[in-house]
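Enquirer: If you read the sequence shown in this note's numbering, its first letter stands for residue 41, the second for the next number, and so on.
In this text, a Cβ means the ideal position worked out from N, Cα and C, and glycines have one as well.
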Amino acid sequence: MNAPPSFVDIVWIARWPLLYGLGTTVAVSLLAILGGTVLGTLLGLALTYGNRVVRLLARAYTDIVRGTPVLVLVLASFYILGTVGLDLSAFQAGVLALTLFCASHVGEITRGALQTLHKGQTEAAKAIGLTFGQTFRYVLGPQALRLALPPLVNTAAEMVKASTLLSVIGVAELLLRTQEVISRAFHSLEFYLLAGFLYFVVNYAIERLGRAVERRVSVQ
């Protein structure tokens, strides 16, 4: 009588579905972080330097999205948008939901960092003829990045963890792939520990990358 396969054997058999799930998690998180950073930076600029109407709209977006559970955003992006004719795949809807959520946090982080800087720097930049774009690029942006980097790294890690919610709309990320393997192999604890370890590896890589960038942009 053959012995039942060990956990290591099952992991080896299921390696491709698990790696595919890990790759999907990384792709979703990366797209959401990049998109959320771009949109969030614009929101932060609007909250800090926009006129009254622009600030009001940016504040409404930021407060509403930050106060909405990520799961609700995921379900709304997948189901509600489809009812108005915008048919997104589960992957696209998941990226959209996480991007919107990430942007709301990055917007607040950017606003806080920019408002910390002394207004005299902006006035000095105007005095030497710099446009607002040049002022942000050469004067405000680098300083704000140094202040905002630690919370931005935390936000990026949160996006990786939030990607687990995309399994509810059928995105084959790491958690869903792990659950599919468990349904066939019945090694629940071991596979959940393995998934947790893989999430830790991804977030640890983000944390190390953030520290490397922080050292690069720090003032010696």
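1. For residue 79 and residue 114, I'd like the C-alpha separation in whole angstroms.
2. By the 10 Å Cβ neighbour count, where 16 or more other Cβ atoms means buried, how is residue 145 classified, buried or exposed?
3. Tell me which same chain residues have a C-beta within less than 7 Å of the C-beta of residue 50, skipping the five on either side of it?
4. Does the structure place the stretch 60 to 69 close enough to the stretch 129 to 146 that three or more beta carbon pairs sit under 8 Å?
5. Roughly how many angstroms lie between the CA atoms of residue 217 and residue 231, to the nearest whole one?
6. Check whether the stretch 240 to 259 touches the stretch 180 to 199, taking contact to mean three or more Cβ pairs, one atom from each stretch, closer than 8 Å.
7. Compute the distance between the beta-carbons of residue 4 and residue 99, then report whether it is under 8 Å.
8. Measure the Cβ-Cβ separation of residue 130 and residue 210 and say whether it is below 8 Å.
9. Tell me the rounded alpha-carbon separation between residue 168 and residue 89.
10. Below 8 Å on the Cβ atoms is my guess for residue 54 versus residue 221; work out the distance and round it to an integer in Å.
11. Ends of the alpha helix (DSSP H) at residue 105?
12. What would DSSP say about residue 145, mapped onto helix, strand or coil?
13. In whole angstroms, give me the CA-to-CA distance for residue 47 and residue 234.
14. On the CB-based measure, 16 or more other CB atoms within 10 Å of its CB, does residue 176 come out buried or exposed?
15. Do residue 200 and residue 243 have their CB atoms nearer than 8 Å?
16. Assuming residue 84 and residue 134 form a contact by the criterion Cβ under 8 Å, report the distance between their Cβ atoms to the nearest whole angstrom.
Expert: So, to answer that:
1. 18 Å
2. buried
3. 225 and 227
4. yes
5. 10 Å
6. yes
7. No answer is possible for residue 4: the residues shown for the chain start at 41 and end at 260.
8. yes
9. 19 Å
10. 5 Å
11. 92 to 106
12. helix
13. 11 Å
14. buried
15. yes
16. That belief does not hold up - the Cβ atoms of residue 84 and residue 134 are roughly 24 Å apart, past 8 Å.
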